[in-house]
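Residue numbers for the sequence shown follow this note's numbering, beginning at 4 and rising by one.
Glycine included, every Cβ here is placed at the ideal spot set by N, Cα and C.
In this text the structure is predicted, and so the values were computed from the model without any measurement.
One structure is given here, and the rest of the page talks about it.
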Amino acid sequence: MIRDILDKALSGERLDAEDALELFRSDEIHSIGRVADLVSKKHNSNRVYFVVNRHINPTNICVNRCRFCAFSR
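As structure tokens, then:
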């Protein structure tokens, strides 16, 4: 089943939610990583980007409790 999903990704087909769950549950991390790298290079060539987060938090406590950052308490 994993091989079918990886072939689907390599052919450019969109993966659905069930495909994503199968990949998430799989222990074939190396195969998944290799295919992800190939698909990424196919779409993005060899370009990489670096983002500097300049968001300054006015406090170290966030009331939203979204678990996105270290300020969720």
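Check: For Val38 and Leu9, believed in contact at Cβ under 8 Å, the rounded distance; Outcome: 5 Å
Check: Status (buried if at least 16 other CB within 10 Å, exposed otherwise) for Leu13; Outcome: exposed
Check: Span of the alpha helix (DSSP H), counted from its first residue to its last, around Arg37; Outcome: 32-47
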